[in-house]
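Following: one structure in structure tokens, then a few remarks.
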């Protein structure tokens, strides 16, 4: 792994460790660089600000999930990953910068749901505006559930939500798409 990538990972890990003890809103770039043992210039070489770092963490972790898993369990795997790293994600999703993170999570979940819609549609044709509307609806529902779960402290393990996060989404998507083609 290249040195810049290792530095980014070190900075990300340091932020995650700080977030276990301190609310995200109270952590400064100075806190991160001091705990990490680097200078501010190095931090700003890699990240524009703290929010860019958080988005990079989301991107790198969620990209690896979707790259490794192209089958039907991507949403389940995403939720399981959130749960396994719940200290970080509860803090990130419930902080004052949460809207930025929610938008970022929306983009990732939207792509996952669009892949699922495409697989359900197969060779049939659907207007792109209709696909977008369906994907946006289901993405907002998924992100809303995840955000609420984070606000409640992720006390319930994801395997107890199996009926919600993937099967219910998939079944509802299939129903809506089949209804679309019957009109």
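Numbering (the working numbering), first residue to last: 149 to 331.
Positions of the beta carbon are idealized from the N, C-alpha and C atoms, including for glycine.
### For residue 226 and residue 206, believed in contact at Cβ under 8 Å, the rounded distance
With 8 Å as the limit, residue 206 and residue 226 do not qualify as a contact, their Cβ atoms being about 11 Å apart.
### Task
Please report how far the alpha carbon of residue 174 lies from the alpha carbon of residue 237, in whole angstroms.
16 Å
### Message
Quick check: the Cα distance between residue 222 and residue 318, rounded to an integer number of angstroms?
### Response
11 Å
### Query
Looking at residue 261 and residue 275, is the spacing between their C-beta atoms short of 8 Å?
Between residue 275 and residue 261, the C-beta gap is not smaller than 8 Å, which leaves the two residues out of contact.
### Query
Between the beta-carbon of residue 295 and the beta-carbon of residue 241, is there less than 8 Å?
Closer than 8 Å, so yes.
### Task
Kindly indicate which three-state DSSP category residue 171 falls into: helix, strand or coil?
coil
### Task
Count the other C-beta atoms from every protein chain shown that fall within 10 angstroms of the C-beta of residue 243, then say buried if there are 16 or more, exposed otherwise.
buried
### Local conformation of residue 303 per DSSP, three classes
coil
### Query
Going by other Cβ atoms of all chains shown within 10 Å of its Cβ, with 16 needed for buried, is residue 189 buried or exposed?
exposed
### Task
Pick out whichever of 167, 291, 194 has its Cα sitting closest to the Cα of residue 154.
194
### Task
Mind reading off the beta-carbon distance from residue 183 to residue 172? Whole number of angstroms is fine, and I expect it under 8 Å.
No, residue 183 and residue 172 are not in contact; Cβ-Cβ is about 14 Å, not under 8 Å.
### Task
Leaving aside the five residues before and after residue 321 along the sequence, list all residues of the same chain whose C-beta is less than 8 Å from its C-beta, in chain order.
Excluding residues within five positions, the ones whose Cβ falls inside 8 Å are 261, 264, 265, 268, 282, 286.
### Task
Classify residue 282 as helix, strand or coil using the three-state DSSP reduction.
helix
### Message
Please tell me whether residue 180 and residue 235 are closer than 8 Å, where the distance is taken between their beta carbons.
### Response
Cβ distance not < 8 Å, so residue 180 and residue 235 don't count as in contact.
### Exposure label - residue 366; buried when at least 16 CB within 10 Å
With the chain covering 149 to 331 only, the question about residue 366 has no answer from this structure.
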